[in-house]
Structure formats: structure tokens, C-alpha cells
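In the working numbering, the protein residues as written are 81 to 329.
The beta-carbon is built from N, C-alpha and C at its ideal position, and this holds for glycine as well.
Working notes for the structure below.
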Amino acid sequence: MPSASPPPPLSIHGLSSRYGRIQALRDIDLVISKAEIVTLIGANGAGKTTLLMTICGNPRAATGEILFNGEDITHLPTHEIIRRGIALVPEGRRIFSRMSVLENLQMGSISVQGHKDPGHYDREEDLTRVFARFPILKERCHQRAGTLSGGEQQMLAIGRALMGHPRLLLLDEPSLGLAPMLMQKIFSIIQEINQQEKIAILLVEQNAYHALKLAGRGFVLANGRMVMSGTGDELLASEAVRAAYLEGV
Ligand SMILES: Nc1ncnc2c1ncn2[C@@H]1O[C@H](COP(=O)(O)OP(=O)(O)OP(=O)(O)O)[C@@H](O)[C@H]1O
Ligand SMILES: [Mg+2]
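Below is the structure:
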């Protein structure tokens with residue numbers, strides 16, 4: 081008998097969330113069916129950041145459900161969601177600028193120490209892994225994080241998220257403010273993380289062209305609703321997407 085396929089890393093159905101009286105997300109459906117890259121695009125204020133934050137439990141889902149590897153996490157507190165293996169790299173990086181690079185990475189492991197058997201939690205092993213992916217962070221490990229360049233800060237934010245072995249990585253506009261060369265580098269790092277570590281990635285990007293090129297599937301959010309989905313190539317070929325998000329490409 082064929083073995084049952086594993087549950088999808090992320091499965092969202094009928095999700096809505098609000099800030100007080102403002103309804104920010106309405107009836108969202110989104111599935112990441114395997115360890116693939118899924119890209120979410122949409123205009124400013126569409127609700128992209130809110131969707132990533134709602135997956136992390138803040139704000140809480142008002143309706144609908146969020147399943148992570150088949151487990152219902154909709155009503156779990158944020159720290160429990162993180163412990164289960166979801167990591168968010170927030171918009172604007174949010175590194176601790178007065179702390180050293182090393183301290184920032186150590187902060188990344190604090191939130192997940194209960195993730196595995198605490199007796200076997202090996203922060204050194206995680207540091208070695210992150211330094212292997214981002215050698216510049218090892219070189220700069222005693223430098224204050226606020227003095228890193230924009231690209232280095234983005235690498236630090238991603239490295240910090242990787243400290244806890246996430247199974248799902250939520251990236252909120254990782255290319256924001258980076259020069260084109262660095263942007264390319266960040267996108268290829270994202271692809272490597274996905275392929276080498278088999279981590280599912282939900283990537284929010286304003287840079288629709290590059291992000292959809294990278295993606296297995298893509299979704300378009302407008303005014304809190306999911307208005308379109310398809311493979312990355314389908315969305316890149318769509319007239320509506322081209323007109324709204326790919327002007328000049
Ligand atoms: N903490 C908050 N309190 C009240 N309203 C908020 C809050 N955060 C976001 N909003 C509102 O929710 C809507 C969606 O915002 P969100 O930040 O999710 O958009 P976004 O798609 O990430 O936009 P951007 O591309 O500019 O980052 C906006 O109308 C915004 O003003
Ligand atoms: Mg945002």
C-alpha cells in the first residue's frame with residue numbers, strides 16, 4: 081500500500097484578522113504543499129505583513145484555521161508557534177543594533193530552546209552551520225550589529241532565524257533597500273536555504289519579478305483578499321500581474 085503523503089508544511093483556510101475595527105485580512109486560503117518557495121506579492125497596505133504576523137499569532141486569527149505540518153496552531157501563543165519550527169524575518173530586519181553579531185545570533189536560539197530536547201540543544205552546532213552559510217557574519221561576529229551594511233544586516237536577520245532549525249521560514253521583504261547586486265545575492269541565498277535545508281519558505285516581496293522567478297507558486301494579495309494564485313511562471317505571464325506589479329520589466 082502506498083504510504084500516506086506527509087501533511088503540507090502550511091495550510092491556511094478562511095483566515096481573517098483585524099486591528100481593532102480595521103479588517104486587515106479576509107477569507108484567506110493559502111497552502112504550501114511541500115518544502116518549496118511560495119511568493120506573496122501585493123501593493124503597499126495589501127496585508128502581506130499582517131498575514132505573516134497572523135501566522136505567528138499576533139494579531140490573532142479572527143476566523144479560519146492555520147495548520148503547520150498538519151497541527152492546528154491557530155490559537156497557540158506566539159512562543160509556542162515559534163517553538164514548533166516557524167521563524168519570521170521581519171520587515172526592516174529588526175536586529176538588535178547595539179548587540180554584537182554573535183549576541184544577535186544567540187538571541188535567535190533562545191526562542192527555540194524548548195523546540196528540541198533541551199539537554200541535547202547544541203547552540204554551537206547551529207552557530208557553525210550559520211557561519212558556514214554566512215562567512216561574513218563569522219568575520220564580523222564581535223562587531224555591533226548596527227554598524228553592519230544593509231546586506232550584512234539582512235544576512236544576520238536570516239541567520240538569526242535559522243538558529244532554531246525552522247521548518248517554515250517567513251521572509252518579509254528581504255531585498256528592501258538593497259542594491260541590485262546584493263538583492264541577487266539574497267535571492268540566491270534564499271534559494272540555497274530552501275534547496276539544501278529543505279525548509280519551506282513564504283516570501284513576501286515588492287520585487288515581484290525576482291521573487292516570482294524563484295517561486296514554485298505565487299499568490300497575489302489586494303485589500304486583504306487573495307485575488308490570484310498560480311505557478312511563479314503563470315503569474316509572471318499574467319497580464320493583470322504585469323500591469324499592476326511588473327511595470328517596466
Ligand atoms: N498595528 C496595526 N494597527 C492598525 N492597523 C494596522 C497595523 N498594522 C497594519 N495595519 C493596517 O493593516 C493594513 C495592512 O497592512 P500591512 O502592513 O499588512 O500591509 P503590507 O502589505 O505589508 O504593506 P507594505 O508593502 O507597505 O509593507 C494597512 O491598512 C495598515 O494600515
Ligand atoms: Mg509589509
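Cβ-Cβ separation, residue j to residue i (assumed contact under 8 Å), whole Å
| i | j | result |
| --- | --- | --- |
| I112 | L131 | No, I112 and L131 are not in contact; Cβ-Cβ is about 12 Å, not under 8 Å. |
| V284 | C221 | Not a contact, Cβ separation roughly 29 Å. |
| L301 | G127 | 6 Å |
| I281 | L251 | 6 Å |
| L168 | M306 | The pair is not a contact, with the Cβ atoms about 20 Å apart (cut-off 8 Å). |
| I153 | R163 | No, I153 and R163 are not in contact; Cβ-Cβ is about 10 Å, not under 8 Å. |
| I166 | P246 | 6 Å |
| M308 | A320 | 7 Å |
| Q255 | M263 | In the sequence under discussion, the amino acid at residue 255 is Ser, which differs from the Gln named in the question. With 8 Å as the limit, S255 and M263 qualify as a contact, their Cβ atoms being about 4 Å apart. |
Residue span of the alpha helix (DSSP H) that contains residue i, given as start and end
| i | result |
| --- | --- |
| E285 | Element bounds for E285: n/a, residue is neither H nor E. |
| L236 | 230-242 |
| F299 | First-last for F299: 297-302, but that is the beta strand (DSSP E), not the alpha helix (DSSP H). |
| L207 | 203-213 |
| L316 | 312-317 |
| T227 | It is not in any alpha helix (DSSP H) - T227 carries neither H nor E in the DSSP assignment. |
| L131 | 128-135 |
Neighbour-count burial assignment, residue i, 16 or more Cβ in a 10 Å radius
| i | result |
| --- | --- |
| D107 | exposed |
| N124 | exposed |
| Y99 | exposed |
| I135 | buried |
| G150 | exposed |
| R240 | buried |
| H159 | exposed |
8 Å CB neighbourhood of residue i in its chain, flanking five on each side removed
| i | result |
| --- | --- |
| M179 | M187, R224, A225 |
| L294 | I117, T119, F267, I270, Q271, L283, G312 |
| P157 | G137 |
Residue i - containing beta strand (DSSP E), residue span
| i | result |
| --- | --- |
| I279 | Per DSSP, I279 belongs to no beta strand (DSSP E) and is neither H nor E. |
| T119 | 117-121 |
| E145 | 143-148 |
| R106 | 102-112 |
| I166 | 166-169 |
Residues of its chain near residue i, where Cβ-Cβ distance is below 7 Å and the 5 sequence neighbours each way are ignored
| i | result |
| --- | --- |
| G230 | G257, L258 |
| S189 | R203, D206, M243, G244 |
| S44 | The requested residue 44 does not occur in the structure, where the chain is confined to residues 81 to 329. |
Sequence-distant residues of the same chain with beta carbon closer than 6 Å to residue i, five excluded per side
| i | result |
| --- | --- |
| Q233 | R173, I175 |
| L214 | In the sequence under discussion, the amino acid at residue 214 is Phe, which differs from the Leu named in the question. Contacts found: M235, G239. |
| G304 | A104, L105, R106, G127 |
Fill in: Residues proximal to ligand 4 by C-beta, any heavy atom closer than 7 Å
In the structure on display, ligand 4 does not appear, and the ligands it does have are ligand 1 and ligand 2.
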